[in-house]
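Working notes, beginning with the structure itself.
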Amino acid sequence: MFGNTREEILEIEKLKNLVDKNKLPRHIAIIMDGNGRWAKKRFLPRTAGHKEGVERVKEIVKACGNLGIEYLTLYAFSTENWARPKDEVDTLMKLLVEYLRKELDTLHRNNVKIKVLGNIERLPDLPKSEIVRAIEKTKNNKKLILNIALNYGSRDEIIEAVKNIVHDVKYNKIDVEEINKEIFKKYLYTGDQPDPDLLIRTSGEQRVSNFLLYQIAYSEFYFTDTLWPDFKEEHLYKAILEYQKRERRFGKI
Ligand code: FPP
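Note that the sequence shown covers residues 1 to 253 in the numbering used here.
Here it is as structure tokens:
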């Protein structure tokens, strides 16, 4: 919280204390949007927005861990993001490598398990090897599962799941009649994880953008105008407080 005045620190603590620890969302998913606009407003290159965005990743992961959130899913790079200018893609990959190199020990000490949602085969060698190392090192951790969606697209994920199911049916690993929601779910990147309770999107856009389409069937959506590089821990507490005000009915009355 470096840089905050005493009053601001007290205000943040107040918000944090208002969060009902018995009604926490188990799984929070975030579409981190608005890095480019944050930079543009400051006459900086777009990559400066991504760099500041990494600072918020660190802050939000820490805040989720401290609160007792069990699963946090961050949309870091979509299958469509490859179409951005090469230097922007390179910077995003570089930031990911730096993040993993600098933060891995801290994440591990704090019992965070890193997982990737997406096909990492298409990633350049360096980010791929750092990711593999991070997954391997943290594989037995239990406190917070941090899913990083990388080269992720939900429709691809669903199609891949269907292909794998067809394969398993063909080789008699499962019977067609056995396929149900629970079995299908296991073929997605999120596997046995609970579905997101809360989906946050920053920067004022109100779209799902090919993110966790199957998993968000009953998620609560929280859209905020705040740009991702400005989304600090107090904004997370506000989102959770809003979530806790909502009544979740899952189609029942
Ligand atoms: C959207 O902003 C953000 C992204 C496409 C990338 C998000 C990546 C990070 C925050 C950094 C890397 C992540 C990790 C986990 C270390 P935008 O560029 O679409 O913004 P705009 O809509 O304002 O142009």
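Don't be surprised by glycine CBs; every beta carbon is placed ideally from N, CA and C.
Neighbour-count burial assignment, residue i, 16 or more Cβ in a 10 Å radius
i: Lys-252; result: exposed
i: Lys-115; result: buried
i: Gly-204; result: exposed
i: Glu-130; result: buried
i: Pro-25; result: buried
i: Val-61; result: buried
i: Met-1; result: Low confidence applies to Met-1: its pLDDT is 49, below 50, so where it sits in the model is not reliable, and the reading given next is rough at best. Per the 10 Å Cβ criterion, exposed.
i: Phe-231; result: buried
i: Gly-118; result: buried
i: Pro-194; result: exposed
i: Asn-151; result: buried
i: Trp-82; result: exposed
Contact test: residue i Cβ vs ligand 1 heavy atom, cutoff 6 Å
i: His-50; result: yes
i: Ile-114; result: no
i: Ala-76; result: yes
i: Ile-145; result: no
i: Met-32; result: yes
i: Asn-210; result: no
i: Gly-36; result: yes
i: Leu-188; result: no
i: Lys-97; result: It should be noted that the sequence gives Val, not Lys, for residue 97. No; taking the cut-off as 6 Å, the Cβ of Val-97 has no heavy atom of ligand 1 nearer than that.
i: Gly-53; result: yes
i: Val-57; result: yes
For residue i, the three-state DSSP class (helix, strand or coil)
i: Thr-73; result: strand
i: Met-1; result: Low confidence applies to Met-1: its pLDDT is 49, below 50, so where it sits in the model is not reliable, and the reading given next is rough at best. Residue state, collapsed to three classes: coil.
i: Val-116; result: strand
i: Leu-241; result: helix
i: Leu-123; result: coil
i: Gln-141; result: According to the sequence shown, residue 141 is Asn rather than Gln. Three-state DSSP puts Asn-141 in coil, outside helix and strand.
i: Arg-46; result: helix
i: Asp-168; result: helix
i: Glu-234; result: helix
i: Glu-178; result: helix
i: Lys-163; result: helix
i: Gly-53; result: helix
i: Ser-129; result: helix
i: Pro-194; result: coil
i: Pro-229; result: helix
i: Arg-37; result: helix
i: Gly-65; result: helix
Those residues which DSSP pairs with residue i across a bridge
i: Tyr-152; result: Ser-78
i: Lys-58; result: Beta-bridge pairing links Lys-58 to no other residue.
i: Arg-201; result: Ile-31 and Phe-223
i: Asn-147; result: Thr-73 and Lys-115
Host alpha helix (DSSP H) of residue i (start-end)
i: Leu-18; result: 6 to 18
i: Glu-103; result: 86 to 109
i: Glu-182; result: 181 to 186
Test: residue i CB closer than 7 Å to a CB of chain D
i: Ile-120; result: Although the question refers to chain D, the structure presented lacks it and comprises just one protein chain.
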